[in-house]
Amino acid sequence: MSSCVTICPIGSVDEGILEHIAKCISIRCGLNCRISMRMENPRYAYNDTRYQYNSKLILKHLLQKSPPDTLRLVGVTSVDLYVPILQFVFGLAQIEGQCSIISLHRLWPEYYDQPSDRDLLLARVEKTALHELGHTFGMTHCRDRRCVMYSSVRIEDTDLKQPDFCPTCFELFQWYLNKSPQQSPY
Amino acid sequence: MTKKARILVVDDEAPMREALYDWLKEDGYEVGLAESGKDAIAIATEKSWDVILLDLKMPGMDGLETLKQLKGKQVDTDAEILMMTAYATVDTAVQAMKEGAFDYLVKPFAPDEIEMQIKKIVAHRELVLENILLRQKLEERSEYDEIIGKSDAMQEIYDLISQVAPTDSTVLITGESGTGKELIAQAIHGNSQRCYMPFIAVSCGALPDSLLESELFGYERGAFTGAEHTKKGRFEMADKGTLFLDEIGDISLKTQVDLLRVLQRKEFRRLGGQEEIKVDVRILAATNQDLKKAISENKFREDLFYRLNVISIPVPPLRKRKDDVPLLVKAFIRRYCLEMNKELVKISSSALNLLMDYDWPGNVRELENVIERALVIGRGKEIVMEDLPFSRKQLGPETMPNSLKLMEKMHIKRILEETDWNISKTARLLEIDRQTLYNKIAKYKIEKES
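Chains as they are written, first to last, in this note's numbering: chain A, 1 to 186; chain B, 1 to 450.
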């Protein structure tokens with residue numbers, strides 16, 4: 001039975017970041033991770049009025065390309081994501097679904113005129129990836145500010161929370177994981 | 001399963017509706033979608049909502065007209081309405097606020113902007129709800145102080161209560177709404193060694209998930225927006241005493257995890273807290289739901305069910321213990337006459353027969369309401385059929401006993417009561433002589449009710 005999470009770069013993404021996400025998911029969630037082949041830059045999702053990419057369209061595309069033997073798929077992109085009603089999103093997930101996507105665009109310290117800090121970037125990436133992965137298992141937002149499932153509407157929210165589930169969310173995550181239909185490998 | 005805030009999204013553009021749907025779902029809200037003003041009105045008439053996100057610019061009925069109708073007499077929604085608009089229509093949005101909209105948001109929203117607006121509305125509504133619940137609680141406490149019933153079914157429950165009360169076991173009380181599950185929990189607590197310590201009741205189904213979490217476990221200052229002080233939860237308040245969790249079948253999976261942890265480890269953390277707080281609390285839970293079915297549907301955790309269901313007390317519905325109806329009626333008449341400062345009234349046998357024949361879907365609580373209503377609207381010295389909210393015609397013909405003797409007894413008793421025990425008049429109506437009537441009264445041991 002497979003319990004493998006696929007990390008999928010979309011467009012150009014630093015290899016070290018992908019490896020960091022894989023390592024964190026493996027440690028925090030006890031799930032095996034693999035990094036898949038890179039997908040093309042998602043031009044189909046580009047909105048030339050907003051200069052951003054529609055995350056919902058990318059998710060749909062990811063779902064079609066998701067390998068059949070993967071438990072979950074986390075897409076990672078450098079482009080700026082949005083959903084039509086919001087100005088931006090850090091990431092998007094299908095609740096109780098297969099796929100999620102995160103954007104590095106607004107996680108870079110430089111975006112906020114902060115000095116370059118790779119550790120800070122990696123910490124933000126880790127939290128965002130875990131958060132979106134949690135949603136794919138059916139988890140909703142937590143009220144504990146330090147829990148990784150706390151809703152991040154500003155980068156400060158992301159910085160404040162810990163890169164881990166609170167005890168309740170962790171237990172709930174395990175419960176969802178056990179209920180989640182596992183897929184057979186090839 | 002939990003009562004989550006309900007949000008209705010009204011927008012003619014599918015991508016906008018879908019994006020809001022996804023965003024709000026991540027926050028755990030129950031979300032409804034409407035693609036036109038007309039749809040919104042139909043949906044809001046059918047179901048109640050906490051927040052309605054309403055687009056201003058829609059073909060056909062626009063947002064402003066929809067708002068007027070939603071707030072008008074026909075729908076009269078108590079939901080707070082947040083208008084959504086593009087830059088060009090801010091003036092109209094301001095006009096909408098004059099028409100009763102809560103606020104407006106300019107599309108596309110900043111994520112923190114919409115989150116803040118919705119949280120503000122939900123927190124306000126939670127506060128109002130909490131206030132109502134607290135008032136209800138205060139009223140209920142003065143109303144109930146004992147379980148009434150002498151039927152076999154209730155005797156079995158009394159036996160169970162006296163067996164389980166002195167232990168510290170968790171008890172799951174099951175039964176339909178209005179059967180008196182909380183009274184049984186109070187009786188267990190009152191007969192236990194914890195009786196001098198607090199009995200804290202929480203109606204889990206009435207509280208939204210987020211409020212239930214802070215109610216049960218409390219929170220530390222700064223745990224979430226608005227948590228300005230550290231607050232103790234019901235678990236801490238019930239330390240050394242009993243915590244009664246009513247409507248346990250309605251709690252979210254997340255709260256189920258928290259509860260399971262307290263049951264297993266006898267400790268918990270306040271929301272946003274680091275410290276494990278140890279408590280000595282006896283848990284009594286109640287539900288009107290079929291928890292085994294909820295388990296099979298993945299809505300209730302099996303491990304929690306077995307933790308709660310150490311001892312089970314099923315409370316029968318009133319229709320299955322109709323022998324108790326006269327006793328309950330008497331007790332409620334006494335209680336409400338005293339409360340209303342009214343002279344003690346009686347109930348006519350035809351009215352009592354009608355109550356006996358009724359099925360009582362709302363159980364004891366419904367019976368209590370019926371008696372209270374009859375005492376308010378009734379003017380005579382006894383409650384008669386006309387004082388009841390249902391009629392013999394609605395219930396169908398009176399149930400007649402199979403035994404001829406019993407039927408004769410009931411018939412004589414009814415005529416005696418109708419004539420106010422005037423023997424000559426009764427004998428005349430029954431077409432028998434007075435001596436025969438005396439003989440039958442003696443034979444059937446018919447007594448005049450005081």
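From the three backbone atoms N, C-alpha and C, an ideal C-beta is built for every residue, glycine too.
The structure displayed is predicted, hence computed values, not measured ones.
Looking at the secondary structure, which residues open and close the beta strand (DSSP E) in which residue i lies?
i, result
"Ile200/B", "Phe199 to Ser203"
"Gly91/A", "Gly91 to Ala93"
"Pro15/B", "Not the beta strand (DSSP E): Pro15/B falls in the alpha helix (DSSP H), residues Ala14 to Glu26."
"Ser214/B", "Run containing Ser214/B: none in the beta strand (DSSP E); it sits in the alpha helix (DSSP H), Asp209 to Phe217."
If you compare alpha carbons, which of the options is closest to residue i?
i, options, result
"Val376/B", "Ser177/B, Leu56/B and Leu388/B", "Leu388/B"
"Val10/B", "Tyr336/B, Thr66/B and Gly205/B", "Thr66/B"
"Leu53/B", "Lys299/B, Met197/B, Glu35/B and Ile188/B", "Glu35/B"
"Phe210/A", "Thr179/B, Gly272/B and Pro317/B", "A question about residue 210/A goes unanswered here, because the residues of chain A that appear run from 1 up to 186."
"Gly75/A", "Arg118/A, Leu31/A and Ser12/A", "Ser12/A"
"Ile121/B", "Val364/B, Ile81/B and Leu105/B", "Ile81/B"
"Arg492/B", "His229/B, Gln256/B and Glu215/B", "With chain B represented from 1 up to 450, any question about residue 492/B goes unanswered, as that position is not in the structure."
"Leu64/B", "Ala44/B, Glu46/B and Gln95/B", "Gln95/B"
"Asp27/B", "Gln74/B, Met61/B and Pro111/B", "Pro111/B"
"Pro314/B", "Glu18/B, Thr77/B, Glu182/B and Val106/B", "Glu182/B"
"Leu354/B", "Val325/B, Asp168/B, Gln289/B and Lys381/B", "Val325/B"
"Asn32/A", "Val153/A, Asn54/A, Gln87/A and Arg72/A", "Arg72/A"
"Asn131/B", "Ala206/B, Arg321/B and Gly180/B", "Ala206/B"
"Asn309/B", "Glu386/B, Ala442/B, Thr426/B and Thr170/B", "Thr170/B"
"Pro167/A", "Glu110/A, Asn178/A and Met149/A", "Met149/A"
"Gln193/B", "Thr179/B, Gly180/B and Ala165/B", "Ala165/B"
"Lys232/B", "Lys240/B, Pro108/B and Glu215/B", "Glu215/B"
"His61/A", "Arg146/A, Asp117/A and Asn41/A", "Asn41/A"
Step through the CB atoms of chain B and report whether any lies within less than 8 Å of the CB of residue i.
i, result
"Arg145/A", "yes"
"Lys179/A", "yes"
"Tyr186/A", "Since pLDDT at Tyr186/A reaches only 29, below the 50 mark, its modelled position is unreliable, and the value read off the structure follows with that caveat. It does not; no Cβ of chain B falls within 8 Å."
"Gln87/A", "yes"
"Ser103/A", "no"
"Pro67/A", "no"
"Ile95/A", "yes"
"Pro84/A", "yes"
"Lys56/A", "yes"
"Arg154/A", "yes"
"Ser151/A", "yes"
"Thr49/A", "no"
Spell out the partners DSSP gives residue i in its beta bridges.
i, result
"Pro314/B", "Thr174/B"
"Phe268/B", "Ile277/B"
"Ser169/B", "None, per the DSSP bridge assignment."
"Thr128/A", "Thr128/A pairs with nothing; no bridge assigned."
"Val51/B", "Ile7/B and Glu80/B"
"Tyr82/A", "Asn54/A"
"Phe109/B", "Leu86/A"
"Val5/A", "Cys33/A and Arg72/A"
"Ile10/A", "Met39/A and Thr77/A"
At the 8 Å Cβ level, is residue i part of the contact set with chain A, yes or no?
i, result
"Tyr144/B", "Confidence at Tyr144/B is low in this model, with a pLDDT of 34, below 50, so the placement of that residue is unreliable and no value is reported for it."
"Val257/B", "yes"
"Ala223/B", "yes"
"Asp12/B", "no"
"Phe109/B", "yes"
"Leu495/B", "Nothing in the structure corresponds to residue 495/B, since chain B is present only between 1 and 450."
"Pro208/B", "no"
"Ala19/B", "yes"
"Glu215/B", "no"
"Asp112/B", "yes"
"Asp22/B", "yes"
"Asp27/B", "yes"
"Gly272/B", "yes"
"Glu115/B", "yes"
"Met83/B", "no"
Examine the ligand MG and report whether any of its heavy atoms sits within less than 7 Å of the Cβ of residue i.
i, result
"Arg72/A", "Judged by which ligands are present, the structure shown has none, so any question about the ligand MG falls away."
Ends of the alpha helix (DSSP H) at residue i?
i, result
"Val31/B", "Where Val31/B is concerned, there is no enclosing alpha helix (DSSP H), although the beta strand (DSSP E) it sits in stretches over Glu30 to Ala34."
"Ile248/B", "Careful: Ile248/B lies outside any alpha helix (DSSP H) and carries neither H nor E."
"Cys169/A", "Pro167 to Lys179"
"Leu56/B", "Unbroken run through Leu56/B: none, as it is neither H nor E."
"Asp159/B", "Asp152 to Val164"
"Ile188/B", "Lys181 to Gly190"
"Ile101/A", "Careful: Ile101/A lies outside any alpha helix (DSSP H), inside the beta strand (DSSP E) at Cys99 to Ser103."
"Ile148/B", "Ile148/B -> no alpha helix (DSSP H), and no H or E assigned at all."
Just checking: is the beta-carbon of residue i within a distance shorter than 8 Å of some beta-carbon in chain D?
i, result
"Met58/B", "Any reference to chain D falls outside this structure, whose protein chains are A and B."
Enumerated in chain order, which unbroken segments of the beta strand (DSSP E) with a length of 3 residues or greater are wholly contained in the region 283-335 of chain B?
311-314
Restricting to runs no shorter than 3 residues, where is the beta strand (DSSP E) found entirely within the region 17-74 of chain A?
32-35 and 52-54
Kindly provide the ranges of any alpha helix (DSSP H) runs that are 4 or more residues long and lie completely inside the region 348-422 of chain B, ordered along the chain.
349-357, 363-377, 392-395 and 404-418
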